[in-house]
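Everything on this sheet refers to the single structure shown next.
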Amino acid sequence: MNMGAIGQMSCNPAMGGIAKGQIVREIDALGGYSGVVSDRSMIQFRMLNRSKGPAMWSPRTQNDRARFAEEWRLTLERTPNVHFWQDSVVELVTESSSSGASSGETAHPRVVGVRTALGSTIRCRSVVLTSGTFMNGVMHIGDRKMGGGRAGEKASHGITEQLVRLGFESGRMKTGTPPRVDGRSIDYSVLEEQPGDSAPGKFSFLPSSVPPATQLSCWITYTNTAVHDVLRSGFDRSPMYNGAIAGTGPRYCPSIEDKITRFEDRDHHQIFVEPEGWQTVETYINGFSTSLPEDVQVKALRLIPGFGDVRIFRPGYAVEYDYFPPTQLKHSLETKLVDGLFFAGQINGTTGYEEAACQGLMAGINAHQLIGGKEPFVLGRDEAYIGVLIDDLITKGTEEPYRMFTSRAEFRLMLRQDNADLRLTPKGFQLGLADEHRMRRVESKRRWLGDLTTHMRSTSVSSEAANEILVPRGTTAVNQKVRLYDLLLRPQISFSDLVVFAHSDDPDISNPALPQLGNHAMHGMNVDPLLRQETIEQLEIGAKYGGYLEKEREAAERVVRLENLLIDPDLEYRKLGALSMEARQKLDVFRPTTLGQASRISGVSPSDISVLLVYLSR
Ligand SMILES: Cc1cc2nc3c(=O)[nH]c(=O)nc-3n(C[C@H](O)[C@H](O)[C@H](O)COP(=O)(O)OP(=O)(O)OC[C@H]3O[C@@H](n4cnc5c(N)ncnc54)[C@H](O)[C@@H]3O)c2cc1C
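Under this note's numbering, think of the first position of the sequence shown as 2, with each following residue one higher.
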């Protein structure tokens with residue numbers, strides 16, 4: 002609707018974080034641009050959860066809001082075959098479809114274009130609807146409400162009503178954002194500094210993407226009971242508490258009103274004070290999302306340490322919008338009711354840039370596949386967080402804004418941020434999305450990892466040589482020859498501790514090929530230090546977590562076997578009397594296409610799955 006808003010971050014200028022960082026890495030590995038753009042616009046990088054195991058490591062960047070949008074616009078303008086047209090879509094053009102009628106399937110209408118507010122009709126073979134918080138959007142600040150999808154931007158009308166006429170079910174959700182303040186009015190001397198990582202990482206696997214030489218710090222402060230009292234004094238004018246907002250809000254990104262109500266006994270809540278960019282004093286108050294009246298927002302903020310004289314640039318607000326329960330979609334994100342029509346992002350009941358970005362990418366890929374007469378591209382739950390997210394949405398639906406967590410992924414040790422390229426770049430390359438350069442890097446990494454693992458497994462060192470390393474690091478000594486790979490299994494030992502053996506002239510070292518550890522296997526990697534570092538990281542994780550990884554792989558294979566058992570989408574569940582009543586109803590609504598999907602529908606129990614298994618094997 003406004004070309005100036007391309008790449009606009011509606012809420013905080015940050016990408017990634019727990020589980021979301023993994024998604025950005027996956028988008029990058031497939032050949033999408035979220036990682037590259039975030040790297041180019043980062044003002045701070047932190048790897049969250051570094052004290053935990055590698056499955057939990059989650060990259061996060063604080064971004065320059067203006068530069069993020071600018072980089073996106075540039076990237077899109079430089080992409081061949083991407084065209085722009087500023088306008089509002091007011092209606093989808095559909096035609097009755099003849100496909101399927103002959104095969105006995107139900108015939109659905111097909112989307113053939115869109116009509117715009119300026120009166121144009123744009124014909125097409127597929128549409129991806131990514132309307133975010135805009136459809137019938139209503140913004141609330143205290144007891145004032147106004148139409149709009151985001152501060153300063155108009156709402157969009159007409160499409161929901163048309164989709165409902167076509168048989169879709171729609172609902173209302175809400176989300177909110179905190180006030181932005183003038184950084185010059187903050188007393189940073191009383192805040193806790195949160196600098197970026199001393200050796201900052203980045204999202205993109207591409208070597209051309211590099212973190213900035215300097216970073217900006219974020220800061221931490223806390224609310225207190227006086228702040229909470231002032232906030233409570235505004236509840237009678239709060240749209241959340243006087244019934245003005247009907248939509249369901251994000252449980253995991255609650256407003257400050259919600260926090261002080263839900264956690265009544267807590268006398269403080271953490272607030273992150275985050276810069277919005279290199280060139281601006283505007284500052285984002287993360288953790289203080291609110292739709293209370295402005296006067297209450299200012300009064301409460303000024304009681305927070307460091308904010309005694311704070312000046313607000315823009316007040317916090319809430320927005321309510323239409324969404325469509327995502328159980329109305331196929332795994333390709335194409336709707337079940339209108340052929341060629343895809344939904345992606347907040348319209349599917351999700352919240353968050355990363356959740357929206359990966360759906361946009363998948364819907365885009367699948368619109369392309371559809372037009373080309375190719376099979377849909379679907380990622381499994383054992384292949385990507387993106388696969389988990391889409392499968393959750395399609396098979397379980399969501400009653401509140403859905404965001405990703407590591408706990409949603411049952412195979413999270415396999416779905417790490419560090420191996421996203423090994424998991425997904427070959428798929429992206431096959432689709433024509435990841436380029437050859439990316440693919441070659443992944444092939445080199447895989448080859449070097451194989452070579453290095455073989456070397457480590459086939460090379461032993463004497464107990465004396467090994468103990469020189471083991472003892473100072475406080476790990477049990479050995480009394481016989483030991484393989485280098487077995488030394489690497491120990492948490493106290495890293496690859497760099499073992500490199501010394503590559504140059505050893507110890508006559509007891511049993512494998513004459515050992516010097517090659519530093520030469521042959523590592524030779525190529527010296528050319529590309531990033532790839533070398535990433536390969537060594539894979540080797541170490543593979544060694545230290547090998548047992549757990551193997552167990553997870555076996556469990557994933559069992560799930561894949563269930564996924565391979567196809568169910569007729571028109572199966573008459575009502576006739577399967579051995580199923581529980583709830584399972585019959587749910588299966589009838591969700592119409593899973595595999596036994597795996599059926600098993601994840603809430604209300605379908607393991608005994609219902611056994612019934613289906615017996616039925617299918619007949
Ligand atoms: C106030 C607010 C607070 C938020 N807080 C958080 C948060 O704390 N944490 C978090 O992770 N996420 C938050 N989000 C959510 C995050 O911004 C969204 O999840 C994400 O941006 C959704 O991406 P999207 O692509 O689906 O839609 P959006 O980013 O909303 O983009 C939708 C686009 O579609 C365009 N559009 C809509 N209708 C039409 C039409 N009819 N014709 C043409 N164009 C149209 C709009 O102009 C807009 O450019 C917040 C969003 C808002 C608005």
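Using N, Cα and C, we set each Cβ at its ideal position, and we do this for glycine too.
Only a predicted model underlies this, so the values are computations on that prediction, with no experimental measurement involved.
Below 6 Å CB to CB, which residues in the same chain sit around residue i once its five sequence neighbours on both sides are set aside?
{"i": "V676", "result": "Residue coverage of the chain in this structure runs from 2 to 619, which leaves residue 676 outside it and unanswerable."}
{"i": "N480", "result": "S464"}
{"i": "I510", "result": "Its pLDDT being 45, under 50, I510 is placed unreliably in this model, and the value from its coordinates should be taken loosely. Here the set comprises V462."}
{"i": "R238", "result": "G143, D144, P294"}
{"i": "A247", "result": "R173"}
{"i": "K146", "result": "V139"}
{"i": "L77", "result": "V83"}
Starting from the C-beta of residue i, find all residues in its chain whose C-beta is less than 7 Å away, skip the five residues before and the five after it, and write them out in chain order.
{"i": "T620", "result": "Given a span of 2 to 619 for the chain in the structure shown, any question on residue 620 remains unanswerable."}
{"i": "G346", "result": "T131, G133, A357, Q360, G361"}
{"i": "A544", "result": "Y486, L489, L490"}
{"i": "Q517", "result": "For Q517, the predicted model reports a pLDDT of 47, less than 50, meaning its position is unreliable; a value from the coordinates is still stated below. If we look at Q517 and ignore the five residues flanking it on each side, its Cβ neighbours are H456."}
{"i": "A70", "result": "I7, G8, Q9"}
With a Cβ-Cβ cutoff of 8 Å, do residue i and residue j count as a contact?
{"i": "R585", "j": "L577", "result": "yes"}
{"i": "I28", "j": "C359", "result": "yes"}
{"i": "F273", "j": "I313", "result": "no"}
{"i": "S35", "j": "R68", "result": "no"}
{"i": "P316", "j": "I187", "result": "no"}
{"i": "F204", "j": "R26", "result": "yes"}
{"i": "T460", "j": "L485", "result": "yes"}
{"i": "L380", "j": "L550", "result": "no"}
{"i": "V297", "j": "L342", "result": "no"}
{"i": "M10", "j": "R66", "result": "yes"}
{"i": "E265", "j": "T291", "result": "no"}
{"i": "G250", "j": "P327", "result": "no"}
{"i": "C219", "j": "Q45", "result": "yes"}
{"i": "R424", "j": "A385", "result": "yes"}
{"i": "R1", "j": "E283", "result": "In the structure as shown, the chain starts at 2 and stops at 619, and residue 1 therefore has no counterpart that could be examined."}
{"i": "F406", "j": "A20", "result": "yes"}
{"i": "S98", "j": "N64", "result": "no"}
{"i": "I602", "j": "E355", "result": "no"}
For residue i, I'd like the list of residues in its chain whose CB is within less than 8 Å of its CB, leaving aside the five on either flank, ordered along the chain.
{"i": "I470", "result": "L488, I494, D498, L499, V501"}
{"i": "L338", "result": "H109, P110, L167, G168, F169, Q329"}
{"i": "L434", "result": "L31, G32, G33, I366"}
{"i": "E92", "result": "V115, R116, G159, I160, Q163"}
Just to check, is the beta-carbon of residue i closer than 7 Å to a non-hydrogen atom of ligand 1?
{"i": "M136", "result": "yes"}
{"i": "G361", "result": "yes"}
{"i": "I272", "result": "no"}
{"i": "I348", "result": "yes"}
{"i": "C12", "result": "yes"}
{"i": "C125", "result": "no"}
{"i": "A70", "result": "no"}
{"i": "Y616", "result": "no"}
{"i": "V25", "result": "no"}
{"i": "E583", "result": "no"}
{"i": "A364", "result": "no"}
{"i": "Y354", "result": "yes"}
{"i": "R151", "result": "yes"}
{"i": "E258", "result": "no"}
{"i": "M241", "result": "no"}
{"i": "S132", "result": "yes"}
{"i": "V1", "result": "Since the first residue of the chain shown is 2 and the last is 619, residue 1 is not available in this structure."}
{"i": "A357", "result": "yes"}
With burial defined as no fewer than 16 other Cβ atoms inside 10 Å of the residue's Cβ, what is the status of residue i: buried or exposed?
{"i": "D393", "result": "buried"}
{"i": "N82", "result": "exposed"}
{"i": "Q87", "result": "exposed"}
{"i": "I123", "result": "exposed"}
{"i": "A522", "result": "Interpretation of A522 is limited by its pLDDT of 49, a score under 50 that renders its predicted location unreliable; the figure taken from the coordinates is listed afterwards. Label assigned to A522: buried."}
{"i": "M1", "result": "The first residue shown for the chain is 2 and the last is 619, placing residue 1 beyond what the model contains."}
{"i": "I372", "result": "exposed"}
{"i": "A599", "result": "buried"}
{"i": "A15", "result": "buried"}
{"i": "W635", "result": "Beyond the ends of the chain as shown, which are 2 and 619, falls residue 635; an answer cannot be given."}
{"i": "F206", "result": "buried"}
{"i": "E96", "result": "exposed"}
{"i": "Y318", "result": "buried"}
{"i": "E154", "result": "buried"}
{"i": "P607", "result": "exposed"}
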